[in-house]
Every structure is written in structure tokens, then in C-alpha cells.
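Numbering (this note's numbering), first residue to last: 267 to 578.
Data block below; observations after.
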Amino acid sequence: MALPTVTVIGAGQVGATTTHLLALKGLANVILIDIVDGLAQGKALDLMQSAPIEGFGGSIQGTTDFNAMAGSRLVMITAGLPRKPGMSREDLLAANANIVGPIASRMASAAPEAVAIVVTNPLDVMVAFTLQRTGWPRQRVMGMAGVLDSARLRVLIAERLQVAPSQVHAMVLGSHGDLMVPVVRSVTVDGRPITERLSPEELDRLFQRTRDGGAEIVALLKQGSAFYAPATGVVAMARAILQNTHEVLPVCASLEGEYGLRDACIGVPAQLGAAGIERIVEMELTAEERRALQAAAEQVRASTKSLSTLVS
Ligand code: APR
267 MALPTVTVIG AGQVGATTTH LLALKGLANV ILIDIVDGLA QGKALDLMQS APIEGFGGSI
327 QGTTDFNAMA GSRLVMITAG LPRKPGMSRE DLLAANANIV GPIASRMASA APEAVAIVVT
387 NPLDVMVAFT LQRTGWPRQR VMGMAGVLDS ARLRVLIAER LQVAPSQVHA MVLGSHGDLM
447 VPVVRSVTVD GRPITERLSP EELDRLFQRT RDGGAEIVAL LKQGSAFYAP ATGVVAMARA
507 ILQNTHEVLP VCASLEGEYG LRDACIGVPA QLGAAGIERI VEMELTAEER RALQAAAEQV
567 RASTKSLSTL VS
């Protein structure tokens with residue numbers, strides 16, 4: 267069966283790792299685009315030379331030509347600056363909006379039928395901005411953060427309880443930042459509620475470490491931000507879309523009344539398939555979690571509004 271074409275924009279840490287995983291998993295032929303001449307071409311050649319060793323059949327093509335994304339089923343936007351130690355994701359707002367805005371416009375004309383997954387930070391605002399710039403329906407524009415944030419929490423709980431990470435399930439909603447909303451009821455170990463194993467204080471401590479998970483890595487790396495787990499997260503979303511699995515994953519989506527919220531892009535569980543977001547799943551939340559989700563939506567809405575003064 268012919269592989270679908272996927273474009274990855276930004277051939278940096280996240281983009282190149284995403285491309286590698288897409289190829290290794292046999293999910294797509296990849297067009298890798300970067301603004302820096304030679305970068306995407308060089309990485310594409312290097313990645314392609316692993317094909318006979320790994321035995322994957324897809325192609326990887328690097329280019330600076332944005333028109334090369336024509337015909338792509340899926341476009342992933344990973345172009346933009348990563349954080350430096352001490353920076354919040356919000357500090358990237360103006361710089362990354364000025365990168366993502368023109369990319370979204372080019373994507374809308376070169377690949378008008380594609381589904382887009384945004385990875386560039388600050389994630390939720392970049393999703394809202396991509397929706398604005400493309401004018402695409404909300405089903406076709408989403409962001410990757412919840413899969414990553416949920417995985418971070420699962421690993422922390424697994425380490426604390428000395429179980430395999432795959433035995434732990436969790437959904438982290440809200441914004442990809444300080445207003446992340448881990449849903450207590452969603453956290454289970456071997457199908458049992460986490461509240462049977464950990465005290466509320468200990469859970470709060472792990473939730474906070476999850477919120478700070480990206481900053482912890484930025485501080486250790488001193489240059490650049492996390493990319494292995496983010497790339498894995500975006501590829502999990504890509505697989506659900508490309509293979510039409512109808513899997514429910516936490517993704518950043520535009521809300522139109524779900525959870526009582528509108529005009530905001532934040533992390534919620536969504537069923538993904540060939541059309542993109544097929545359905546937003548409304549989990550039962552506590553009053554406190556609902557308030558936290560609302561606060562996240564308000565912050566994203568305010569940052570999105572501020573873009574009009576920041577974008578040149
Ligand atoms: N068009 C295409 N590529 C661009 C553009 C542009 N207008 N502007 C920058 N890039 C490219 C850079 O040349 C670089 O290769 O985006 C790439 C970004 O790569 P890295 O600096 O390695 O950053 P990375 O770690 O991949 O993170 C990218 O994802 O997780 C988020 O916060 C992170 O916003 C950041 C983004």
C-alpha cells in the first residue's frame with residue numbers, strides 16, 4: 267500500500283526526531299522543510315541512509331521549498347525557537363508567532379486539504395493562531411502537548427510506585443504550561459484509582475513536577491528543550507490520523523461549547539481519525555478541575571488576543 271505523505275516543518279531537534287520515528291514506524295513518506303539551507307537536506311540524507319539498515323520503505327526528502335508540502339495528508343509545525351533556561355513558554359510568544367504565522371499561511375495555500383499538528387510553543391496560542399491564519403475548520407488544526415504531559419505524569423507515578431510506566435494511565439488537560447490540569451480520576455495503576463496508593467499531597471507534588479517537566483529538562487540541557495518524548499507524542503497523534511484508528515488522545519483543540527468553554531484552544535481528550543479531530547470527549551471533572559480548565563482557557567484567550575500587537 268502506498269504510504270501517505272507527511273510534511274514536517276522545522277528540521278531541528280523535534281522535527282528531525284519526528285521524521286526519524288515516522289520512517290522507523292513505516293507511517294509515511296516525509297517531506298522535511300527548514301528555512302536554513304542545507305539543514306533539512308542534510309538530515310534527510312542522513313536519515314535515509316538508515317533505511318537499508320532498519321528496513322523501512324518510506325522516503326525522506328529535505329528542502330527549503332514550502333511548496334513541496336503540496337499533497338500532504340498531514341503537516342506538523344515544529345519550526346520555532348526552543349526555550350532557554352529560566353524562560354517560560356510564554357516568553358517565546360512574539361518570536362514564534364512571527365515564525366508560525368507565515369508558515370500557517372503558506373500551508374493553507376500549498377496543502378489546503380491537510381490536517382495540521384502544531385508543536386511550536388507556546389503551544390495552545392500557536393494552535394489558535396494557526397486556526398486564525400488558515401481559516402481551516404477546527405477538526406483539522408490541533409496541537410501536541412497532552413500526550414507528552416500525560417506521559418510525563420505516568421512516568422513519575424511509575425517511578426514512585428516502582429511499576430512499569432505502561433501500567434499507569436493518566437490524562438493531563440488544560441494548557442501546556444503552569445495551567446496544566448491533571449485529572450485525578452483519570453489516573454489509575456493496574457486499573458485501580460491512584461487515590462488508593464498516593465495521598466493528595468503526594469499527588470499534588472507529582473502534578474507540580476509534571477507541570478515543571480519541560481523546565482526541568484531545559485535546565486539540565488542548558489541549550490534547547492525536550493525533543494524525544496515530544497516527537498513520540500506527535501507521532502502517536504499522526505498514527506491515529508493516518509491509520510484512522512479513532513483513538514482518544516489528549517490534544518490541544520479549539521472548543522465550541524465543550525466543557526462550557528468557547529473561543530479558546532486548550533488540551534482536552536479527542537478522538538482522532540482520518541478527518542483529524544472526530545469528536546471531543548467530555549470527561550467528568552471535579553468542580554476544581556473545571557475551574558482550572560476555565561482559568562487555562564482564559565489565559566490562552568488573553569495571550570491569543572495580545573498577538574495582534576506582537577505580530578509584525
Ligand atoms: N521556517 C522553517 N523552519 C524554521 C523557521 C521557518 N520560518 N524558523 C525557524 N525554523 C527552524 C530552525 O531553523 C530550526 O531548525 O526550526 C527549527 C527549530 O529547531 P530547534 O531549534 O532544534 O528547536 P526544537 O527543539 O526542535 O523545538 C521546536 O518545538 O517543542 C517546541 O518549544 C519548542 O517551539 C519549539 C519547537
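Cβ atoms here follow ideal geometry from the backbone N, Cα and C, with glycine treated the same way.
Everything numeric in this text was worked out from a predicted model, so none of it was measured.
The ligand APR and residue i: does the residue's C-beta get closer than 7 Å to at least one heavy atom of that ligand?
i           : result
residue 279 : yes
residue 345 : yes
residue 276 : yes
residue 491 : yes
residue 386 : yes
residue 566 : no
residue 545 : no
residue 300 : yes
residue 365 : yes
residue 362 : yes
residue 369 : yes
residue 496 : yes
residue 477 : no
residue 305 : yes
residue 471 : no
residue 349 : yes
residue 358 : yes
Identify whether residue i lies in helix, strand or coil by the three-state DSSP scheme.
i           : result
residue 537 : strand
residue 459 : strand
residue 517 : strand
residue 278 : coil
residue 435 : strand
residue 295 : strand
residue 301 : coil
residue 379 : coil
residue 403 : coil
residue 327 : strand
residue 522 : strand
residue 425 : helix
residue 530 : strand
residue 450 : helix
residue 500 : helix
residue 408 : strand
residue 548 : coil
residue 314 : helix
residue 273 : strand
residue 573 : helix
residue 393 : helix
residue 340 : strand
residue 367 : helix
residue 413 : helix
residue 443 : coil
residue 484 : helix
Does the separation of the CB atoms of residue i and residue j fall below 8 Å?
i           : j           : result
residue 329 : residue 301 : no
residue 533 : residue 507 : no
residue 496 : residue 443 : no
residue 476 : residue 437 : no
residue 410 : residue 499 : yes
residue 296 : residue 323 : no
residue 341 : residue 392 : no
residue 287 : residue 501 : yes
residue 384 : residue 338 : no
residue 281 : residue 344 : yes
residue 519 : residue 531 : yes
residue 336 : residue 377 : yes
residue 560 : residue 527 : yes
residue 483 : residue 469 : no
residue 472 : residue 414 : no
Quiz item: Counting pairs of beta carbons, one from the region 544-557 and one from the region 423-435, are three or more of them closer than 8 Å?
Solution: The region 544-557 is not in contact with the region 423-435.
Practice problem: Flag this pair as touching only if the region 348-359 and the region 306-318 have three or more C-beta atom pairs under 8 Å; answer yes or no. | Solution: The answer is no - the region 306-318 does not touch the region 348-359, with fewer than three Cβ pairs under 8 Å.
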